[in-house]
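For the record, the sequence lines run as chains A and B. 906 is the number of the first residue of the first sequence in our numbering; add one for each residue after it. 77 is the number of the first residue of the second sequence in our numbering; add one for each residue after it. We treat Cβ as the ideally placed atom computed from N, Cα and C, and that holds for glycine. Note that this is a predicted model, so its numbers are computed, not measured.
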Amino acid sequence: KQEVTQIPAALSVPEGENLVLNCSFTDSAIYNLQWFRQDPGKGLTSLLLIQSSQREQTSGRLNASLDKSSGRSTLYIAASQPGDSATYLCAVLTSGTYKYIFGTGTRLKVLA
Amino acid sequence: DARVTQTPRDKVTEMGQEVTMRCQPILGHNTVFWYRQTMMQGLELLAYFRNRAPLDDSGMPKDRFSAEMPDATLATLKIQPSEPRDSAVYFCASGLETGNYGYTFGSGTRLTVV
């Protein structure tokens, strides 16, 4: 059974810092992995999708990497801004299934 | 931008009442999911459909919850009777069969049962 863990659970950083959010999963036979952002009281916004054959994806100041063999993905945020404050969730689609299993999220606060 | 539409946005109801939540998936998507989010449990999968057929509803309390897709443009999640422990945010998501392009989530229905 796939289990997804995110560390840290919460993070508070000053504006301008580069930061890394971690996601680990127990079953490396995955189809893809998706990073989402969730603002308080809002839905999930897709940030990046990495297929199992890829090692990284980039969008603006965001870069997500995937190491399937070690069961890990990281989301790198460059030059963080207060507007980046949100909860970040990773979700894993295990091969042979069609359902995403979510981590518990990292609650990020960027201080001005 | 194509989006998944959920209604209502917020629902407050009394215990014992029936609640129906609706979802309009993105046109052309043939896989639909219902997730529930609570502070304690995070995001839990309740049910998912492919080509309108339920593939897995093992995450759903069967005695009170039911999920259907009367047509390709509408998915419903019904709770009858509702209980305070059902209070949560319910998300619908849709995607293509293989999940190649990930899944798109709606804005959710915030349910409060008093």
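Residues from the stretch 116-134 of chain B in contact with chain A, defined by Cβ distance under 8 Å: So the list reads G118, L119, L121, Y124, R126, L131, D132, given in the order they occur along the chain.
Environment of V190 of chain B [buried if 16+ CB atoms lie within 10 Å]: V190 of chain B should be labelled exposed.
C-beta contact flag for I982 of chain A and L967 of chain A at 8 Å: In this structure, the beta-carbon distance from I982 of chain A to L967 of chain A falls below 8 Å.
Pair within 8 Å by beta-carbon distance, A1014 of chain A and S183 of chain B: Note on residue identity: the sequence assigns Lys, not Ala, to residue 1014 of chain A. Not a contact, by the Cβ cut-off of 8 Å.
Proximity test, Cβ basis, 8 Å: T179 of chain B and chain A: Note that residue 179 of chain B corresponds to Tyr in the displayed sequence, not to Thr. It does; some Cβ of chain A falls within 8 Å.
Chain-order list of residues whose beta-carbon lies under 8 Å from that of L924 of chain A (same chain, five-residue window excluded): So the qualifying residues of the chain are L916, V918, Y981, I982, S985, L1013.
S183 of chain B at chain A interface by Cβ criterion, 8 Å: Closer than 8 Å: yes.
Interfacial residues, the stretch 163-174 of chain B to chain A, with Cβ spacing under 7 Å: Under the 7 Å Cβ criterion, the stretch 163-174 of chain B contributes F167.
Contact under 8 Å by Cβ, Y111 of chain B with L119 of chain B: At the C-beta level, Y111 of chain B and L119 of chain B come within 8 Å of one another.
Residues that T114 of chain B contacts on chain D, provided the C-beta gap is smaller than 7 Å: The structure shown contains no chain D; its protein chains are A and B.
First and last residue of the uninterrupted beta strand (DSSP E) at E120 of chain B: Unbroken beta strand (DSSP E) run through E120 of chain B: 118-126.
is_contact[F109 of chain B, chain A] using C-beta, thresh 8 Å: By the rule that beta-carbons nearer than 8 Å mark a contact, F109 of chain B touches chain A.
Selected residue, minimal CA-CA separation from T152 of chain B, among B:T114, B:M116, B:A169: Of the residues B:T114, B:M116, B:A169, the one whose Cα lies closest to the Cα of T152 of chain B is B:A169.
Cα-Cα separation, T910 of chain A to T89 of chain B: Spanning the alpha carbons of T910 of chain A and T89 of chain B requires a straight line of approximately 34 Å.
Contact check, Y993 of chain A vs W940 of chain A, beta carbons under 8 Å: Closer than 8 Å, so yes.
Residue environment, I1006 of chain A, which counts as buried when at least 16 other CB atoms sit within 10 Å: Buried, because 16 or more other Cβ atoms sit within 10 Å of the Cβ of I1006 of chain A.
Run of the beta strand (DSSP E) containing V80 of chain B, from where it starts to where it stops: Element bounds for V80 of chain B: n/a, residue is neither H nor E.
Residue range of the beta strand (DSSP E) that includes V108 of chain B: 107-114 is the span of the beta strand (DSSP E), which, as asked, contains V108 of chain B.
Presumed contact (8 Å Cβ cut-off) between M97 of chain B and T185 of chain B, rounded CB distance: Correct: roughly 5 Å between the Cβ atoms.
Segment limits, beta strand (DSSP E) that includes E896 of chain A: Missing from the structure shown is residue 896 of chain A; chain A here goes from 906 to 1017 and no further.
Reference T149 of chain B, options B:R161, B:F125, B:K87, closest by Cα: Comparing Cα positions, the closest option is B:F125.
CA-to-CA distance, G1001 of chain A to R960 of chain A, given in whole angstroms: When rounded, the distance between both Cα atoms is 21 Å.
Contact test: L953 of chain A Cβ vs the ligand COA heavy atom, cutoff 7 Å: For the ligand COA, the structure offers nothing, since it holds no ligand at all.
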